[in-house]
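Below: one structure, written as structure tokens.
Protein chains: 2
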Amino acid sequence: MTKNNIIIIGCGAGGGTAAQFARKTDRKASITIFEQTSFPQYSKCGLPYTISGDIPEIMDLIEFSKEWFEKARIDLHLNTTVDHIDSEKNILYVSNENNTKQEYEFETIILATGASPFIPPIKNIQKNGVFPNGVFSLRTINDAQNISKQVKKGKHALVIGAGFIGLEIAECLHKMGMNVTIIEAMQTILPQLLDSDLSNQIQKHLEQYITIKLHHFVKDIQVTNNQVTHVYVEHAETHEKLTLPADLIILATGTRPNIRLAKELKCTIGSSGGIVVNNKSETSQKNVYAVGDCTEFIDFITKKPVPIGLGSIAVRQAIAAGVNAAGGQYELQNGVLQTCTSEFFGLEIASVGPSISQLEELKPIVGKHTGSSRPEYFPGGKSITCKTYIDSSTGSILGARAIGTNAAQRINTYATALLANMNIETFRTLRTAYAPPIAPTLDTVTIAADIAATKWQRKRSG
Amino acid sequence: MTKNNIIIIGCGAGGGTAAQFARKTDRKASITIFEQTSFPQYSKCGLPYTISGDIPEIMDLIEFSKEWFEKARIDLHLNTTVDHIDSEKNILYVSNENNTKQEYEFETIILATGASPFIPPIKNIQKNGVFPNGVFSLRTINDAQNISKQVKKGKHALVIGAGFIGLEIAECLHKMGMNVTIIEAMQTILPQLLDSDLSNQIQKHLEQYITIKLHHFVKDIQVTNNQVTHVYVEHAETHEKLTLPADLIILATGTRPNIRLAKELKCTIGSSGGIVVNNKSETSQKNVYAVGDCTEFIDFITKKPVPIGLGSIAVRQAIAAGVNAAGGQYELQNGVLQTCTSEFFGLEIASVGPSISQLEELKPIVGKHTGSSRPEYFPGGKSITCKTYIDSSTGSILGARAIGTNAAQRINTYATALLANMNIETFRTLRTAYAPPIAPTLDTVTIAADIAATKWQRKRSG
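Going down the list, the sequences are from chains A and B.
Here the first sequence stands for residues 1 to 462, where the numbers follow my numbering.
Here the second sequence stands for residues 1001 to 1462, where the numbers follow my numbering.
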């Protein structure tokens, strides 16, 4: 057995990046990856855009090819499932596509097993664990390819779940000419991310293009000749029933971390259901690291565990796991900023900081402003709304949301303030870059902060 | 005489804003403004875009009308020049357009006298202090209106000075169909702002549209029937001579602070030529404040005085002056971040931190990266270059430059890091918002920081 024998399970953004950084750190280490699917590291976030054709070639999503891993002397096994791990003997039992079984010894293991789509309790949604024709989740290249085959102009698509991914898919299906309806169980779209005022603002915009049914559950689906044709929907309170035509159903109802192997390794599982890791990506077990969607990590502000669902965080955790597993030193900041963004139907939305319910628990002071990307006198300015949440006793910034032009870049500015534990009194003095074609003298970013700071001062003096 | 009698000289962004905030702070104060021109507070930065027609109506630049000031019970005197101030008796001597003279007593004075265009030593550029036809600087509404009358498609325009304003005007004249040549005395465009590698990158882009002559001086101009027709240009080193046709000449050679009245008030003038003010906008004289382009202030990083030439800073200084003059409390941060941006010929450029020569004096470690606004696999990504400068001993961020898509918003992220005195080790852990249509997993902002941090670590360990 070679020294520094690292085995990585899963070759998504987490596993692939961990392998890369392990190789960078130790040029001689033996590094092996087992990946269930037939594809090496690719971008899951890009999948919806292969359906709309924005990304014309789905194989372009592959960020590092099988050859790339070979060149880096990383032993990548595709189509290979890890069946069982013996944590006493440090032996891994795998089987490949031909059901050939093999055993591997390991010194160090990195779990990058990802997450699986959550299947909501809908009658007839699966038969023996298999969806009928027309029903999909969207998590893999195969899913995207299969969905694309079912996309038909003028037909009815139903998306279950109005989070970022549901709304991204909705736009892509709309672009392909389908009649799209979104069903969301909660009372607003993007319920985990946004206050109702911001959700309502976005909803109004989306309803120009698609139908949105809030506070509704899908109870049952009608399947004829193994093809879905209709869904039966019920209002969450009134229990009023609706039948909707549906040629295509996409489940965008979140994911659950894949922790089967972590349990075999006796890793501690956290309250959100993910593997508990520290800021070196170490689990509770010696020489076992975990990264990405199979883990949970603490939020930077609340210090409470949150599930990891962001590629950008998976990549950072993977850098830490890869470097540390190979004998280097890499520590992440103490918690995740949860910076995220999405764009659909021409609207950019971005966020940093805890989920909206966690923010609301902190009873923050809020500053909100809607402005323009240009001074009033310069035609062509685009709308931008910023909202910032500050601690009512200390005045420190807890989080922010932005909707509109360059929302993501504006949120990065707030993210830097969060990272610095910056007080709103300091942040409001920020002088942003100003030029008439680009930005007004006072950017919405700082005006929202000014409003929050003024409220905070008033509270302190009153 | 009323209590809290505040007199403001100048009604640009500085003077107008100071008046507003004085009024907000003290509803009963007597507030008087004297303004030389016939226009109340308007955006000077918008002037070039009235020439190109991007701003169709020049009077839209007026941000606060005469009526607005009346409503706020601010006594605004347009077309009124302050001839002299008696600092012993606290009396101001003014004359209006009809040369009627008046005297005003004051308790508190706010100088917002701005700056005047610098006229370079060019033969025949003025006759008795007056330009010949076709020669202009661009500082006022009248200047812009007069330039617009001389703009003719197919004719030759010559812009002297390749700073932001020179390049903005060059684009506007090009848009109007003129043949534009820029003459710059230094060896690169934007010489105060950028390293030569970034300047050269921009220059190549601009030369698709206009002619740029670097390291050249305009020595003389040919005037026939009081109309400019040609300029005589000389290379700064070889002294090679050129004659260039010029129907229109714009001087974009910087400004000099207007400090005549400040001298009468015995205010200390600083090394850069501006009035010295502290972070309450106080001058060296009791009850005399100064704001905007007539002042100098310390740079946030170097703590050395820099001339103020940015509307965004003038506005902040004015808030401080207005609030403090009216008996409130307002302090600015200790120094200016010098955040600035501009856009011309489809290229966005932004900067934060000291001028390039001041940065270079600090012998910084530099991280530079050119990336895309989208992941590689998503077509339509736009180029973005970021460069960050860090202290070679402490690793703290000293400044940054960005060229390309959303450069200004990216620079605001760096500006927040500067404001927090953030170390590159912390900044590199920033997780920026990621979504395929909007931004790659690792933004160029953080990759440039990563590169700088790696160099810095290497230097420390080697």
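The beta-carbon is built from N, C-alpha and C at its ideal position, and this holds for glycine as well.
Handout entry: Member of A:L194, A:T140 and A:I202 whose CA lies at the smallest distance from the CA of S38 (chain A)
Key = Here residue 38 (chain A) corresponds to residue number 38 of the first sequence, with the count starting at 1. Of the candidates A:L194, A:T140 and A:I202, the one whose C-alpha sits nearest the C-alpha of S38 (chain A) is A:T140.
Problem - Residue-level contact to chain B via CB, Q409 (chain A), 8 angstroms cutoff - result: Sequence index remark: in the first sequence, residue 409 (chain A) carries index 409 (1-based). Chain B contact via Cβ: present.
Handout entry: Endpoints, the beta strand (DSSP E) within which F1297 (chain B) is located
Key = Taking the second sequence and counting its residues from 1, one reaches residue 1297 (chain B) at position 297. Run containing F1297 (chain B): T1295 to I1298, per the beta strand (DSSP E) assignment.
Exercise for the section: Measure the CB-CB distance between I202 (chain A) and L347 (chain A) and report whether it falls below 8 angstroms. Expected result: For the purposes of this step, residue 202 (chain A) is taken as residue 202 along the first sequence, with counting starting at 1. For the purposes of this step, residue 347 (chain A) is taken as residue 347 along the first sequence, with counting starting at 1. Contact flag set, yes.
Problem - Through-space distance from I62 (chain A) to R1460 (chain B), alpha-carbon basis - result: As a first step, residue 1460 (chain B) must be located in the second sequence, where it is residue number 460. As a first step, residue 62 (chain A) must be located in the first sequence, where it is residue number 62. Looking at the two C-alpha atoms, the distance is approximately 37 angstroms.
Handout entry: Contact check, T1426 (chain B) vs G1404 (chain B), beta carbons under 8 angstroms
Key = Here residue 1426 (chain B) corresponds to residue number 426 of the second sequence, with the count starting at 1. Here residue 1404 (chain B) corresponds to residue number 404 of the second sequence, with the count starting at 1. Going by C-beta atoms, T1426 (chain B) is not nearer than 8 angstroms to G1404 (chain B).
Exercise for the section: Indicate whether the contact test is met: 3 or more Cβ pairs, each with one atom in the stretch 1374–1392 of chain B and one in the stretch 392–401 of chain A, closer than 8 angstroms. Expected result: no
Exercise for the section: Would you check if there are 3 or more beta carbon pairs closer than 8 angstroms linking the stretch 375–382 of chain A to the stretch 1036–1055 of chain B? Expected result: yes
Handout entry: Through-space distance from S383 (chain A) to P943 (chain B), alpha-carbon basis
Key = Any question about residue 943 (chain B) goes unanswered here, given that chain B covers just 1001 to 1462.
Practice task
Express the C-alpha separation of S355 (chain A) and A157 (chain A) in angstroms, rounding to a whole number.
Solution key: Here the question's residue 157 (chain A) lines up with position 157 in the first sequence. Here the question's residue 355 (chain A) lines up with position 355 in the first sequence. Going from the Cα of A157 (chain A) to the Cα of S355 (chain A) covers about 29 angstroms.
Exercise for the section: Using alpha carbons as the reference points, say which of A:V315, A:S272 and A:A320 lies closest to F297 (chain A). Expected result: Taking the first residue of the first sequence as 1, we reach residue 297 (chain A) at position 297. Comparing Cα positions, the closest option is A:S272.
Practice task
Give a yes or no on whether 8 angstroms exceeds the smallest Cβ distance from N1412 (chain B) to chain A.
Solution key: By one-based count along the second sequence, residue 1412 (chain B) stands at place 412. Yes, contact with chain A.
Problem - Partner residues on chain B for V445 (chain A), Cβ-Cβ distance less than 8 angstroms - result: The sequence position of residue 445 (chain A) within the first sequence is 445, counting from 1. The contacting residues are N1412.
Exercise for the section: Decide if the stretch 1055–1075 of chain B is in contact with the stretch 1157–1176 of chain B; the criterion is three or more beta carbon pairs, one per stretch, under 8 angstroms apart. Expected result: no
Handout entry: Neighbour list for L1173 (chain B) in chain A, Cβ cutoff strictly below 8 angstroms
Key = In the second sequence, counting from the first residue as 1, residue 1173 (chain B) sits at position 173. Within 8 angstroms Cβ-Cβ: nothing; L1173 (chain B) doesn't reach chain A, min ~16 angstroms.
Problem - Buried versus exposed, by CB contacts within 10 Å (16 or more), H1239 (chain B) - result: Translated into positions along the second sequence, residue 1239 (chain B) becomes position 239. Classification for H1239 (chain B): exposed.
Practice task
Determine the direct distance from the alpha carbon of Q102 (chain A) to that of T2 (chain A), and round the result to whole angstroms.
Solution key: To locate residue 2 (chain A), count along the first sequence from 1; it is residue 2. To locate residue 102 (chain A), count along the first sequence from 1; it is residue 102. Since pLDDT at T2 (chain A) reaches only 41, below the 50 mark, its modelled position is unreliable, and no value is offered.
Exercise for the section: Let me know the secondary structure DSSP gives Y1414 (chain B) once reduced to three states. Expected result: Numbered from its first residue, the second sequence carries residue 1414 (chain B) at position 414. Helix, per DSSP.
Problem - Own chain residues within Cβ distance below 7 angstroms of G371 (chain A), not counting five before or after - result: The residue labelled residue 371 (chain A) in the question sits at position 371 within the first sequence. Taken in chain order, the residues that qualify are I384, P440, T444 and I447.
Exercise for the section: Using a cut-off of 9 angstroms between C-beta atoms, extract the partners of C45 (chain A) located in chain C. Expected result: The structure shown contains no chain C; its protein chains are A and B.
Practice task
Find out if the Cβ-Cβ distance for the pair I465 (chain A), F118 (chain A) is shorter than 8 angstroms.
Solution key: Nothing in the structure corresponds to residue 465 (chain A), since chain A is present only between 1 and 462.
Problem - Option in A:Q338, A:K241 and A:A325 with minimal Cα separation from I301 (chain A) - result: Within the first sequence, numbered from 1, the residue matching residue 301 (chain A) stands at position 301. Checking every option, the nearest Cα to that of I301 (chain A) belongs to A:Q338.
Exercise for the section: Decide if G1327 (chain B) is buried, meaning its Cβ has at least 16 other Cβ atoms within 10 Å, or exposed. Expected result: As a working note, residue 1327 (chain B) is residue 327 in the second sequence. When all chains shown are included, G1327 (chain B) counts as exposed.
Problem - H1216 (chain B) burial status per 10 Å Cβ neighbour count (16 or more: buried) - result: Position 216 of the second sequence holds residue 1216 (chain B). Flag for H1216 (chain B) reads buried.
Problem - With 16 other Cβ atoms within 10 Å as the buried cut-off, status of Q1329 (chain B) - result: Along the second sequence, read from residue 1 onward, the residue named residue 1329 (chain B) stands at position 329. Classification for Q1329 (chain B): exposed.
Problem - Closest by C-alpha distance to I85 (chain A), when choosing among A:K266, A:A13 and A:F69 - result: In the first sequence, residue 85 (chain A) corresponds to position 85, counting from 1. It is A:K266.
Practice task
Measure the CB-CB distance between N324 (chain A) and N279 (chain A) and report whether it falls below 8 angstroms.
Solution key: Residue 324 (chain A) sits at position 324 when you count from the first residue of the first sequence. Residue 279 (chain A) sits at position 279 when you count from the first residue of the first sequence. In this structure, N279 (chain A) does not lie closer than 8 angstroms to N324 (chain A) by Cβ.
Exercise for the section: Might you give, ordered along the chain, the residues of its own chain that have their beta carbon closer than 8 angstroms to the beta carbon of K419 (chain A), omitting 5 neighbours on each side? Expected result: The residue labelled residue 419 (chain A) in the question sits at position 419 within the first sequence. Per the sequence shown, residue 419 (chain A) should be read as Leu rather than Lys. So the list reads F300, Q333 and L337, once near-sequence residues are dropped.
Problem - For N79 (chain A), the nearest candidate out of A:P307, A:W68, A:E97 and A:Y104 (CA to CA) - result: Position 79 of the first sequence holds residue 79 (chain A). Checked all of A:P307, A:W68, A:E97 and A:Y104; the closest Cα to N79 (chain A) is A:E97.
Exercise for the section: Could you tell me which chain A residues have their CB closer than 7 angstroms to the CB of I1313 (chain B), listed as they occur along the chain? Expected result: Stepping through the second sequence from its first residue, residue 1313 (chain B) is reached at position 313. By Cβ distance, chain A contributes R431.
Practice task
Report, in whole angstroms, the separation of the C-beta atoms of L167 (chain A) and S342 (chain A), which I expect to be a contact under 8 angstroms.
Solution key: The residue given as residue 167 (chain A) occupies position 167 in the first sequence. The residue given as residue 342 (chain A) occupies position 342 in the first sequence. Their Cβ separation, rounded to whole angstroms, is 7 angstroms, which keeps L167 (chain A) and S342 (chain A) in contact under 8 angstroms.
Exercise for the section: Check V277 (chain A) in the structure and name its three-state DSSP category. Expected result: Position 277 of the first sequence, counted from the start, is the residue given in the question as residue 277 (chain A). In this structure, V277 (chain A) counts as coil in the three-state DSSP scheme.
Problem - Per DSSP, cross-strand counterpart(s) of V1445 (chain B) - result: Start at 1 with the first residue of the second sequence, and residue 1445 (chain B) comes out as number 445. Partner(s): none; V1445 (chain B) has no beta bridge.
Exercise for the section: Between the Cα of Q317 (chain A) and those of B:T1283, B:T1429 and B:S1065, spot the shortest distance and give me the residue it belongs to. Expected result: Counting from one through the first sequence, the residue named residue 317 (chain A) turns up at place 317. Ranking B:T1283, B:T1429 and B:S1065 by Cα distance to Q317 (chain A) puts B:T1429 first.
Exercise for the section: Run down chain B in chain order and give the residues with a C-beta less than 8 angstroms from the C-beta of C340 (chain A). Expected result: Position 340 of the first sequence, counted from the start, is the residue given in the question as residue 340 (chain A). Per Cβ cutoff of 8 angstroms: A1433, Y1434 and A1435.
Exercise for the section: Answer with yes or no whether the minimum CB distance from I182 (chain A) to chain B is below 8 angstroms. Expected result: Counted from its first residue, the first sequence places residue 182 (chain A) at position 182. No, because no Cβ of chain B sits closer than 8 angstroms to the Cβ of I182 (chain A).
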